[in-house]
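So the structure is just underneath, and the comments pick up after that.
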Amino acid sequence: MSPATAAADDLRAEEEGKGGRSSSRQEEANVLLAVDAAEGGGAWSPVGWFRMLGRELHWSFVAGVVATYGASQGLGGGVMRVASDYYWKDVQRVQPSAAQVYQGVTSIPWMVKPLWGLLTDVLPIAGYRRRPYFVIAGGFMGVVAMLVLSLHSKLHVLFALLALMAGSASVAIADVTIDACVAENSIVHPHLAADMISLNGFCASVGGLIGFSISGFLVHAIGSQINLVFLKGALGMLAIPSALVILAGMMIKDVHMPNFPYELAHMKFVEASRTMMATLKCPEVWRPCVYMYMSLALSVDIQEGMFYWYTDRNAGLSFSEGLIGFIFAVGSVGSLIGVILYQNILKDHSFRSVLCLSQLLLSLSGMLDLILVLRLNLKLGIPDYYFAVIDEGVSKMINRIKWMPLLVLSSKLCPPGIEGTFYALLMSIDNVGLLSGSWAGGLILHVLNITRTEFKNLWAAILIRNAMRLLPLALLFLVPRSDQNSNLLPADLLPEDDGAQYQMDNVELTSLTVDGKSSTGSLHQECKNQDVVENDDDEASLLANRS
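Oh and the sequence shown: position 354 is 354 in UniProt numbering, straight run, nothing missing.
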């Protein structure tokens with residue numbers, strides 16, 4: 001008998017002696033057995049890990065993650081990244097600063113994720129909360145948007161932008177729906193929260209590796225526009241991942257509510273909004289939100305400037321489409337390595353330590369871009385292509401390590417009943433931060449006069465970006481000191497263990513009591529009490545960060 005199995009037996013025996021049915025000790029026993037089965041009593045096994053997650057969380061959930069993160073965001077995102085970059089550069093022929101802004105505009109559907117989350121939480125379709133949103137919005141809308149974009153060779157820039165936004169909205173809605181399932185499972189299985197985030201990252205990295213690997217070939221051999229006869233092309237193929245999301249949506253486990261009171265939907269919206277606002281007023285929630293936004297907004301993005309320099313035939317490196325796709329594919333390998341490092345080494349460390357380490361490494365890794373632009377790599381005897389590959393792999397690995405604890409932190413802050421809505425709200429805060437960083441990068445490129453053919457000030461943009469990546473270190477006092485396996489919400493927002501088990505199948509959307517002010521008021525009082533207790537500690541942390 002392995003140590004994990006023995007420990008689980010001891011926990012279950014202790015729980016049976018107490019007459020408990022579904023306490024945290026029982027949960028811990030189940031997780032110990034699952035870990036023992038996944039690891040085979042020894043080394044970590046990806047196959048065993050997938051089997052354990054499928055057994056504990058249901059196979060349809062794992063399939064939904066693979067379709068959403070692996071096919072739609074990973075593979076589809078890889079193809080879209082390369083194809084859209086060449087689309088703006090060679091088809092629409094816009095400047096790097098404009099392309100940077102347009103890429104940010106296409107991410108706007110990700111900023112209204114709370115709206116999609118609110119719909120999935122409080123407004124079932126045909127009695128289902130998740131399945132219809134997968135099929136209709138996450139699937140069919142993406143198929144239509146990509147086919148419209150690819151079947152027209154001379155779209156006006158405005159209509160092209162709208163089509164890309166519709167495709168982005170399709171991916172965002174599918175993401176919100178599967179994230180709601182992740183948040184629900186994080187409450188039922190809190191010890192598997194980090195594993196679920198690792199599963200998301202693993203699927204996205206593997207899908208991105210495949211997508212980037214084939215994207216350069218597709219753009220070069222077929223072009224960024226689909227052929228009207230053979231229905232082929234880099235953009236047209238993005239309809240395939242959306243079709244896989246439709247299939248996963250048809251299979252995913254969902255609770256049927258045939259007699260849902262739709263006439264009370266507006267009350268659910270009001271109550272869910274009230275619960276969200278009350279939760280956001282808690283220091284345990286708004287402080288991490290501020291940090292997440294600022295850390296992403298201060299990590300400015302100048303990727304379009306780098307891409308134009310990579311592909312320029314006169315002043316740049318003159319990389320071909322195939323080489324660009326391979327470089328981005330290596331970036332996906334680096335992202336996958338980041339997931340593995342997090343899963344095996346970093347997931348049991350505190351939020352602050354992992355975020356501090358990743359932010360420092362992110363700033364240092366940015367110097368690789370500076371070495372490449374100044375051509376110092378040639379003095380070291382390293383060709384441009386090989387150094388660009390190393391640069392992309394290292395930067396994506398560190399970005400993934402930074403992103404993983406932020407996702408775990410977000411999943412821990414979701415109150416039960418509106419998991420999809422609140423997780424979407426937190427993700428929209430992250431996406432607003434990314435958009436701010438993207439537009440700030442576009443502004444830097446414009447101010448430094450970095451155009452389609454002029455790159456002499458690109459080194460200065462890289463230096464400014466790297467310096468700004470150090471600024472979030474001063475805000476780490478906003479992040480909880482606890483480890484990534486702890487519950488972070490106030491006790492009033494957590495399900496009770498005594499008396500009945502919190503089952504995902506029986507999740508109530510939101511309380512519909514007429515007087516909802518009592519629960520909200522108690523939540524405010526709880527937050528105030530905890531704020532007073534932690535005030536001195538937070539002030540000490542602030543002084544330590546300023547010194």
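In this text, a Cβ means the ideal position worked out from N, Cα and C, and glycines have one as well.
- Of the residues assessed, His189 falls on the buried side of the cut-off, its CB having 16 or more other CB atoms within 10 angstroms.
- DSSP places Tyr308 inside the alpha helix (DSSP H), whose first and last residues are Gln303 to Thr311.
- When secondary structure is reduced to three states using DSSP, Asp348 falls in the coil class, being assigned neither helix nor strand.
- Each residue's CA atom was taken as its position, placing Thr106 and Gly381 some 40 Å apart.
- Separation of Met367 and Gln359 (C-alpha to C-alpha, rounded to the nearest whole angstrom) is 13 Å.
- Boundaries of the alpha helix (DSSP H) around Gln100: Pro96 to Val105.
- The alpha-carbon separation between Arg55 and Val91 amounts to approximately 48 Å.
- Rounded to the nearest angstrom, the gap between the Cα atoms of Lys456 and Met306 is 12 Å.
- The beta-bridge partner set that DSSP reports for Ile125 consists of Tyr128.
- A check of alpha carbon separations from Leu336 across Ala67, Gly207, Leu158 and Ser482 identifies Gly207 as the nearest.
- As DSSP reads the structure, Asp483 sits in a beta bridge with Ser350.
- When the alpha-carbon of Ala172 is set against those of Thr120, Arg452 and Gly334, the nearest one is in Thr120.
- Taking C-beta atoms under 8 Å as the contact rule, Asp195 and Leu53 qualify, at a distance of about 6 Å.
- In this structure, Asp179 lies away from Met292, with their beta-carbon atoms at least 8 Å apart.
- The alpha-carbon separation between Cys282 and Leu247 amounts to approximately 39 Å.
- DSSP, reduced to helix, strand and coil, places Val330 within a helical segment of the structure shown.
- For Met292, the enclosing alpha helix (DSSP H) covers residues Pro283 to Ala297.
- By the neighbour-count definition (other C-beta atoms within 10 Å, threshold 16), Val290 is an exposed residue.
- Sequence-distant partners of His58 (beyond 5 residues in either direction) whose C-beta falls short of 6 Å from its own C-beta, in its chain, are Lys253.
- Counting along the chain, the unbroken alpha helix (DSSP H) around Arg274 starts and ends at Ala265 to Leu280.
- Counting the other CB atoms within 10 Å of its CB gives Ala467 a total below 16, which places it among the exposed residues.
- For Ser45, the secondary structure class from DSSP, reduced to helix, strand or coil, is coil.
- For Asp254, the three-state secondary structure derived from DSSP is coil.
- The residues Leu317, in chain order, have a CB closer than 6 Å to that of Asp384 in the same chain once the five nearest residues on each side in sequence are set aside.
- One thing to note: Glu392 has its Cβ within 8 Å of the Cβ of Gly331.
- Only residues of its own chain outside the window of five on either side were considered, and among them Ser97 have a CB closer than 6 Å to the CB of His446, listed in chain order.
- Around the beta carbon of Thr275, 16 or more other beta carbons sit within 10 angstroms, so the residue counts as buried.
- For Pro190, no alpha helix (DSSP H) encloses it, and the DSSP letter there is neither H nor E.
- Our two residues, Leu435 and Ile197, have alpha carbons roughly 22 Å apart in a direct line.
- For Leu407, the enclosing alpha helix (DSSP H) begins and ends at Asp384 to Lys412.
- Taking 8 Å as the cut-off, the Cβ atoms of Ala329 and Gly437 do not count as close.
- Pairing Ala67 with Met277, the inter-Cα distance amounts to about 32 Å.
- Annotation for Lys456: no alpha helix (DSSP H) segment contains it, and DSSP assigns it neither H nor E.
- Excluding residues up to 5 positions away in sequence, Ala315, Gly316, Leu317, Val373, Phe455 and Leu458 lie with their Cβ nearer than 8 Å to the Cβ of Trp309 in the same chain.
- Under the DSSP assignment, Pro109 falls in the alpha helix (DSSP H) whose first and last residues are Ile108 to Met111.
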